[in-house]
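Number 964 marks the last residue of the sequence shown (UniProt numbering); no jumps.
Quick reminder that beta carbons are idealized off the backbone N, C-alpha and C, glycines included.
None of these values were measured; they are calculated from a predicted model.
What follows is a set of notes on a single structure, which appears directly below.
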Amino acid sequence: MSPSSLLYSTLAAELDRRVAGEVRFDPGSRAAYSTDASNYRQVPIGVVVPHTPDDAVEAIAVCRDNDIPVLSRGGGTSLAGQCCNAAVVLDWSKYCTRIRAIDVDRGTAVVEPGIKLDVLNDNLADTGWMVGPKPSTHVSCTIGGMIGNNSCGSTAQAYGKMVDSVRALQILTYDGIQRWVGPTDDRDIDRIIASGGRLAEIYGGLRSVVTEFGDDIRSRYPHIPRRVSGYNLDSLLPDNGFDLAKALVGSESTLVTVLCAEIDLVRRPAGSALAILGFDDIATAADAVPAVLEHEPAALEGLDQRLVELEHSRRLAEQALNQLPRGGGWLMVQVDGEDQDQADHRAKTMIEAVQAAADCDARIVSDPVHKKQVWAAREAGLGATAYPPVGPETHEGWEDAAVPPHRLGDYLRDFHSLLDRYGYGTSSLYGHFGQGCVHTRIPFDLRTSDGIAAYRRFAHDAAHLVVDYGGSLSGEHGDGQSRGELLPIMFGHRVVRAFEKTKALFDPDNRMNPGKVVNPYRLDDNLRFGTGYLPIEPATAFAYADDGHRFSHAAARCVGVGKCRGDESGVMCPSYRATGEEHHSTRGRARLLFEMLQQDVITDCWASTEIRDALDLCLACKGCLSDCPVNVDMATYKAEFLFHHYRRRLRPMAHYTMGWIPLWARIATGAPRAVNALTHTPRLGGAIKVLGGIDSHRDLPRFAARRFTRWWRDQPLLTEGRESVILFADTFTNNFDPDIGRDAVEVLRSAGFSVTVPSNTLCCGLTWISTGQLSVAKKVLGRTMRALRPALRTGTPIVVLEPSCAAVFRSDATNLLHGNEDAHRLAAQTYTIGELLHLRADDWDPPRIGGNAVVQPHCHQHAVLHYAHEKAVLEDAGVDARVLDAGCCGLAGNFGFQRGHHDVSVACAEDKLLPALREADPETMVLADGFSCRTQFRDLMENRTPRHTASVLAEALRDRKEKQ
Numbered sequence: 001m002s003p004s005s006l007l008y009s010t011l012a013a014e015l016d017r018r019v020a021g022e023v024r025f026d027p028g029s030r031a032a033y034s035t036d037a038s039n040y041r042q043v044p045i046g047v048v049v050p051h052t053p054d055d056a057v058e059a060i061a062v063c064r065d066n067d068i069p070v071l072s073r074g075g076g077t078s079l080a081g082q083c084c085n086a087a088v089v090l091d092w093s094k095y096c097t098r099i100r101a102i103d104v105d106r107g108t109a110v111v112e113p114g115i116k117l118d119v120l121n122d123n124l125a126d127t128g129w130m131v132g133p134k135p136s137t138h139v140s141c142t143i144g145g146m147i148g149n150n151s152c153g154s155t156a157q158a159y160g161k162m163v164d165s166v167r168a169l170q171i172l173t174y175d176g177i178q179r180w181v182g183p184t185d186d187r188d189i190d191r192i193i194a195s196g197g198r199l200a201e202i203y204g205g206l207r208s209v210v211t212e213f214g215d216d217i218r219s220r221y222p223h224i225p226r227r228v229s230g231y232n233l234d235s236l237l238p239d240n241g242f243d244l245a246k247a248l249v250g251s252e253s254t255l256v257t258v259l260c261a262e263i264d265l266v267r268r269p270a271g272s273a274l275a276i277l278g279f280d281d282i283a284t285a286a287d288a289v290p291a292v293l294e295h296e297p298a299a300l301e302g303l304d305q306r307l308v309e310l311e312h313s314r315r316l317a318e319q320a321l322n323q324l325p326r327g328g329g330w331l332m333v334q335v336d337g338e339d340q341d342q343a344d345h346r347a348k349t350m351i352e353a354v355q356a357a358a359d360c361d362a363r364i365v366s367d368p369v370h371k372k373q374v375w376a377a378r379e380a381g382l383g384a385t386a387y388p389p390v391g392p393e394t395h396e397g398w399e400d401a402a403v404p405p406h407r408l409g410d411y412l413r414d415f416h417s418l419l420d421r422y423g424y425g426t427s428s429l430y431g432h433f434g435q436g437c438v439h440t441r442i443p444f445d446l447r448t449s450d451g452i453a454a455y456r457r458f459a460h461d462a463a464h465l466v467v468d469y470g471g472s473l474s475g476e477h478g479d480g481q482s483r484g485e486l487l488p489i490m491f492g493h494r495v496v497r498a499f500e501k502t503k504a505l506f507d508p509d510n511r512m513n514p515g516k517v518v519n520p521y522r523l524d525d526n527l528r529f530g531t532g533y534l535p536i537e538p539a540t541a542f543a544y545a546d547d548g549h550r551f552s553h554a555a556a557r558c559v560g561v562g563k564c565r566g567d568e569s570g571v572m573c574p575s576y577r578a579t580g581e582e583h584h585s586t587r588g589r590a591r592l593l594f595e596m597l598q599q600d601v602i603t604d605c606w607a608s609t610e611i612r613d614a615l616d617l618c619l620a621c622k623g624c625l626s627d628c629p630v631n632v633d634m635a636t637y638k639a640e641f642l643f644h645h646y647r648r649r650l651r652p653m654a655h656y657t658m659g660w661i662p663l664w665a666r667i668a669t670g671a672p673r674a675v676n677a678l679t680h681t682p683r684l685g686g687a688i689k690v691l692g693g694i695d696s697h698r699d700l701p702r703f704a705a706r707r708f709t710r711w712w713r714d715q716p717l718l719t720e721g722r723e724s725v726i727l728f729a730d731t732f733t734n735n736f737d738p739d740i741g742r743d744a745v746e747v748l749r750s751a752g753f754s755v756t757v758p759s760n761t762l763c764c765g766l767t768w769i770s771t772g773q774l775s776v777a778k779k780v781l782g783r784t785m786r787a788l789r790p791a792l793r794t795g796t797p798i799v800v801l802e803p804s805c806a807a808v809f810r811s812d813a814t815n816l817l818h819g820n821e822d823a824h825r826l827a828a829q830t831y832t833i834g835e836l837l838h839l840r841a842d843d844w845d846p847p848r849i850g851g852n853a854v855v856q857p858h859c860h861q862h863a864v865l866h867y868a869h870e871k872a873v874l875e876d877a878g879v880d881a882r883v884l885d886a887g888c889c890g891l892a893g894n895f896g897f898q899r900g901h902h903d904v905s906v907a908c909a910e911d912k913l914l915p916a917l918r919e920a921d922p923e924t925m926v927l928a929d930g931f932s933c934r935t936q937f938r939d940l941m942e943n944r945t946p947r948h949t950a951s952v953l954a955e956a957l958r959d960r961k962e963k964q
């Protein structure tokens with residue numbers, strides 16, 4: 001064992017003994033925290049997850065005793081590299097999330113640093129207050145992280161940066177000083193200094209820094225709304241009240257650890273209107289910013305044609321983008337009012353004034369859903385620009401500089417010229433234009449020496465350009481490593497010397513997030529890729545065509561923005577929502593796979609137990625395929641990993657039972673009543689569950705007395721109709737819910753289709769895919785496609801009632817059988833029943849159903865198929881359908897049946913879904929086309945009968961016939 005390994009082993013043992021939180025020095029945890037959302041990678045020494053701030057105090061004491069650096073981390077979404085380091089990482093986001101106090105009268109809150117912004121705002125909703133700053137990562141960023149970064153967001157136009165919200169901070173220095181800090185008058189400073197000791201040294205030293213460098217601070221700090229670079233030493237000037245709390249905001253864990261924070265809140269606007277102004281190009285749009293600012297907007301954002309094109313190509317927020325007025329550059333302007341009428345009036349007045357001075361088109365978005373979609377389109381900018389469909393991937397590195405708003409148009413023209421000079425001209429430009437802050441991701445080549453040298457030269461030239469315009473190198477994301485070495489260009493050497501002295505006062509031994517902001521690493525050190533990047537490139541079962549047929553590219557796809565760590569909406573990532581663990585998020589799992597291919601921290605590749613355990617609670621819901629900004633497909637990566645991990649190894653028994661359920665179902669249908677009796681007898685059924693690796697809490701599915709395909713053989717063949725369709729008898733419909741198949745035949749025939757059901761027992765291979773038995777899945781899919789070949793040759797629609805099976809045909813089949821033209825034909829010809837009725841039977845007169853329904857789309861339906869056509873069919877039938885945005889049901893095929901998964905499965909359902917169903921009126925229909933969803937509802941809810949869309953339509957058809 002090396003000396004460092006021995007030291008870290010001893011450190012881990014001591015931390016484990018003295019800290020009540022979780023101590024993790026294993027390779028998997030170190031891999032999961034090796035990077036943030038930046039270009040940088042530094043594998044940590046270990047990770048501590050404190051249960052309370054006191055745990056963090058003890059952890060830092062242990063690190064101090066062993067001379068080990070530390071780094072505080074919240075959501076880990078930093079774009080400048082400040083949230084990764086070769087240190088002990090304190091992850092505050094799991095447990096230190098308590099709200100200590102809310103003062104409704106004063107509009108203040110006292111919170112622990114790990115609480116997420118959206119969670120805090122949800123808790124404040126009934127009070128009429130909210131936190132002012134709202135970064136685009138609001139679903140995952142924490143208050144502590146926002147304080148460390150001095151976060152902003154679109155709402156900073158009205159409410160300022162995080163520094164403007166902080167009233168007081170409870171801080172801890174590396175050497176153990178604990179104190180609440182805030183504004184301090186001269187008398188208090190004199191008293192502290194007179195008392196002597198370490199605190200006197202800090203306050204006296206800060207007073208000396210202000211005295212020595214005060215004039216430099218006043219002259220070199222740009223007077224713009226978005227100066228985030230550097231330490232906030234201006235908050236220590238006498239005219240600013242020597243506010244140490246505000247001075248520490250934005251110090252990126254390099255000076256102190258924040259244990260608790262008191263923040264000011266702002267009133268939620270009573271009314272708001274969103275106006276969108278279209279101009280010829282983005283620079284012309286920026287020219288109009290001063291005119292808009294005269295109307296005191298609450299938010300003023302810009303986006304260019306390139307961003308809109310990329311979002312269209314990725315189908316991100318497509319409905320919102322279709323509402324844009326004509327133009328090649330746009331301003332999004334939110335105007336608030338004391339009520340909605342006042343907000344609308346102010347927006348119209350603003351539009352008239354701007355149009356009188358500039359040529360622009362405009363519209364007001366009044367519908368709340370559309371407004372949310374437009375903001376989602378703006379917030380999706382990073383994801384949309386990371387992997388353009390044509391051209392190289394893009395990177396941070398110069399993504400948030402800010403200049404005076406009245407000079408923004410000219411700056412954008414000069415900046416565009418700079419991009420063109422370096423061959424980076426395809427970059428999109430967007431951002432917080434009302435405060436002169438410009439976001440962009442640039443196609444830097446960070447893998448070759450020439451490319452990295454060009455990146456260095458560009459960063460220095462861009463820094464000089466921003467400073468020439470009186471701007472800030474960072475207007476939002478901080479300095480970290482990306483801009484640390486460039487700070488002398490902006491501030492001059494004397495102010496940088498003031499930063500160094502401040503750092504030395506708080507952290508004389510450079511143990512707090514070393515190498516960031518002060519005495520920084522070079523901006524091209526510690527690159528995640530770099531000239532040494534050489535991942536192994538293993539042979540794979542899936543093709544990964546969108547990733548250049550390289551698994552290493554797929555594993556590196558995650559850009560770290562952490563949307564998968566949100567709790568608010570969408571499907572991803574249900575296991576993270578249940579456990580709060582980084583390695584159970586899509587991002588954490590992606591990091592582990594990335595590190596697996598580096599052969600550095602994780603050295604046993606597909607045999608890794610760390611990755612196996614991290615993927616064990618992945619539900620393979622595919623939510624990340626649609627919800628992740630860069631479309632990480634963890635369900636596919638999991639199947640790939642399991643395929644290799646268990647090759648020539650004994651698998652978990654559930655892989656042989658639930659993974660082979662199509663085969664067992666086929667056998668069981670020879671004597672379904674006897675099989676049901678055996679599997680549901682308490683003693684024998686319990687033994688079967690134990691032997692089969694099935695959780696004891698689960699009831700095994702009951703096989704139908706008569707399979708759907710057997711019923712079909714007795715039906716008369718009707719060949720007349722508008723069009724012939726194949727109704728695919730999937731395993732779940734055929735063997736467990738044959739009534740749905742019969743109902744679907746009735747509905748399809750009523751819509752004028754001639755229905756055929758294949759005589760062979762066919763399967764999509766889903767259960768083998770989800771358990772990583774990909775060789776079997778390929779054979780099953782190949783057999784199915786051979787049986788369907790006549791239909792594939794004639795272009796006959798294939799209707800699939802189980803959404804997960806339809807998603808296999810639409811997506812997985814072409815990935816698993818890449819190059820097989822029949823797989824591509826199958827993908828193009830697969831329809832859900834809602835899609836077929838809406839797209840190919842537009843003259844069909846659906847039966848009148850009426851009433852209300854809550855709909856739980858299957859996760860694969862959400863991710864691959866998208867639940868739109870079914871909703872349209874239901875609306876045509878008079879159903880007021882509320883499509884739930886409540887995440888995964890938690891069963892997810894075999895996942896919820898597997899031993900050890902029950903608690904997480906139920907937690908996923910209880911997160912939002914089951915509460916939403918319980919709140920629904922008892923007369924409201926519950927619709928769920930997925931077999932897993934219906935099974936979960938039956939297991940966990942009483943007095944609710946979930947139904948398939950086909951069954952509801954068929955019942956209404958029968959009612960209509962009876963009334964005729």
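Which stretch, first to last residue, makes up the alpha helix (DSSP H) that contains Gly588? Indexing the sequence shown from 1 puts residue 588 at position 588. DSSP places Gly588 inside the alpha helix (DSSP H), whose first and last residues are Thr586 to Gln598.
For Ile769 and Ala823, what's the separation of their Cα atoms in angstroms? Position 769 of the sequence shown, counted from the start, is the residue given in the question as residue 769. Position 823 of the sequence shown, counted from the start, is the residue given in the question as residue 823. One C-alpha to the other measures close to 15 Å.
Please state the DSSP three-state secondary structure of Cys859. If you number the sequence shown from 1, residue 859 lands on position 859. The answer is helix: DSSP assigns Cys859 an H, G or I state.
Quick check on Thr814: does DSSP put it in helix, strand or coil? Position 814 of the sequence shown holds residue 814. In the three-state reduction of the DSSP assignment, Thr814 falls in the helix class.
Thinking C-alpha only, which one of Leu839, Ala920, Glu582 and His432 is nearest Ala32? Along the sequence shown, one-based indexing puts residue 32 at 32. Of the listed residues, the one whose Cα sits closest to Ala32 is Glu582.
Under the three-state reduction of DSSP, which class applies to residue 1008: helix, strand or coil? With the chain covering 1 to 964 only, the question about residue 1008 has no answer from this structure.
Could you tell me the alpha carbon to alpha carbon distance between Leu331 and Glu338, rounded to whole angstroms? On the sequence shown, position 331 is the one that residue 331 refers to. On the sequence shown, position 338 is the one that residue 338 refers to. Between Leu331 and Glu338, the C-alpha separation is close to 23 Å.
Candidates Arg41, Val49 and Glu835: which alpha carbon is nearest Arg24's? The sequence position of residue 24 within the sequence shown is 24, counting from 1. Cα-wise, what sits closest to Arg24 is Val49.
According to DSSP, is Gln340 helix, strand or coil? Numbered from 1 along the sequence shown, position 340 holds the residue referred to as residue 340. Gln340: helix per DSSP, three-state reduction.
His493 by DSSP, collapsed to three states: which one? The count along the sequence shown starts at 1 and reaches residue 493 at position 493. Looking at His493 - three-state DSSP - the assignment turns out to be helix.
Sequence-distant residues of the same chain with beta carbon closer than 8 Å to Tyr159, five excluded per side: Translated into the one-based positions of the sequence shown, residue 159 becomes position 159. Counting only Cβ-Cβ distances below 8 Å, and skipping sequence neighbours, we find Gly132, Pro133, Ser165 and Val266.
Close Cβ partners of Ala787 (< 6 Å) along its chain, the five nearest in sequence each way excluded: Your numbering for residue 787 matches position 787 in the sequence shown. Here the set comprises Pro758, Asn760 and Leu762.
Residue nearest to Leu236 in terms of C-alpha spacing, selected from Gln305, Thr254, Val163 and Ala907: Taking the sequence shown and counting its residues from 1, the one referred to as residue 236 is at position 236. Residue Val163 is the option with its Cα nearest to Leu236.
Based on the DSSP secondary-structure assignment, which residues constitute the bridge partners of Thr35? The count along the sequence shown starts at 1 and reaches residue 35 at position 35. Its beta-bridge partners are Arg41.
Could you spell out where the alpha helix (DSSP H) holding Trp664 opens and where it closes? Here the question's residue 664 lines up with position 664 in the sequence shown. That run of the alpha helix (DSSP H) goes Ile661 to Ala668.
So if DSSP puts Gln936 in a beta bridge, which residue, or which two residues, is it bridged to? Along the sequence shown, read from residue 1 onward, the residue named residue 936 stands at position 936. Paired residue(s): none; Gln936 is not in a bridge.
Here's the rule I'm using: 16 or more other beta-carbon atoms within 10 Å means buried, otherwise exposed. How should Pro225 be labelled? Position 225 of the sequence shown holds residue 225. Its Cβ being crowded by 16 or more others within 10 Å, Pro225 is buried.
Cβ-based neighbour list, Gly492, same chain, cut-off 8 Å, excluding 5 preceding and 5 following: Translated into the one-based positions of the sequence shown, residue 492 becomes position 492. Excluding residues up to 5 positions away in sequence, Asp216 and Arg220 lie with their Cβ nearer than 8 Å to the Cβ of Gly492 in the same chain.
Using 8 Å as the Cβ pair cut-off and three pairs as the minimum, do the stretch 909 to 928 and the stretch 938 to 956 touch? The stretch 909 to 928 makes contact with the stretch 938 to 956: 3 or more CB pairs, one atom from each, lie closer than 8 Å.
Do Gln82 and Gly478 count as a contact pair if the criterion is CB distance below 8 Å? Your numbering for residue 478 matches position 478 in the sequence shown. Your numbering for residue 82 matches position 82 in the sequence shown. Cβ distance < 8 Å, so Gly478 and Gln82 count as in contact.
Nearest candidate by alpha-carbon position, reference Ile282, set Glu262, Gly329, Val289 and His295: Residue mapping note: residue 282 aligns to position 282 of the sequence shown, counting from 1. Comparing Cα positions, the closest option is Gly329.
Counting only the same chain and skipping the five closest in sequence on each side, list residues whose C-beta sits under 6 Å from that of Asp876. Numbered from its first residue, the sequence shown carries residue 876 at position 876. Excluding sequence neighbours, Asp876 sits near Pro846.
Residue from Ala545, His395, His644 and Phe643 with nearest C-alpha to Leu527: Position 527 of the sequence shown, counting from 1, holds the residue named residue 527. Nearest neighbour of Leu527 by Cα position, chosen from Ala545, His395, His644 and Phe643, turns out to be His395.
Cβ of His464 less than 8 Å from any chain D Cβ? Among the chains of the structure shown, chain D does not appear; only one protein chain is present.
Under the three-state DSSP convention, the category Trp375 falls into: Translated into positions along the sequence shown, residue 375 becomes position 375. Trp375: helix per DSSP, three-state reduction.
Please name the residue, chosen from Gly74, Asp91 and Val181, that lies closest to Arg167 on a Cα-to-Cα basis. Position 167 of the sequence shown, counting from 1, holds the residue named residue 167. Of the listed residues, the one whose Cα sits closest to Arg167 is Val181.
Is it a yes or a no for the stretch 506 to 518 touching the stretch 545 to 552, going by three-plus beta-carbon pairs under 8 Å? no
Can you give the Cα-Cα distance for Thr756 and Leu748, rounded to whole angstroms? Here residue 756 refers to the residue found at position 756 of the sequence shown. Here residue 748 refers to the residue found at position 748 of the sequence shown. So the two alpha carbons sit approximately 11 Å from each other.
Could you pull out every residue in the same chain whose Cβ sits closer than 7 Å to the Cβ of Ala909, ignoring the five residues on either side in sequence? Taking the sequence shown and counting its residues from 1, one reaches residue 909 at position 909. Excluding sequence neighbours, Ala909 sits near Cys889, Gly890, Gln936 and Leu940.
Across the stretch 818 to 837 and the stretch 556 to 576, are there enough close Cβ pairs to call them in contact, namely three or more that are closer than 8 Å? no
Three or more C-beta pairs below 8 Å linking the stretch 363 to 371 and the stretch 410 to 417: no
What whole-angstrom Cβ distance do Pro183 and Asp243 have, given they're in contact under 8 Å? Here the question's residue 183 lines up with position 183 in the sequence shown. Here the question's residue 243 lines up with position 243 in the sequence shown. Rounded, the Cβ-Cβ distance is 5 Å, consistent with contact.
Going by the beta-carbon positions, is the gap between Val111 and Ile147 smaller than 8 Å? As a first step, residue 111 is located in the sequence shown; it is residue number 111 there, counting from the start. As a first step, residue 147 is located in the sequence shown; it is residue number 147 there, counting from the start. Not closer than 8 Å, so no.
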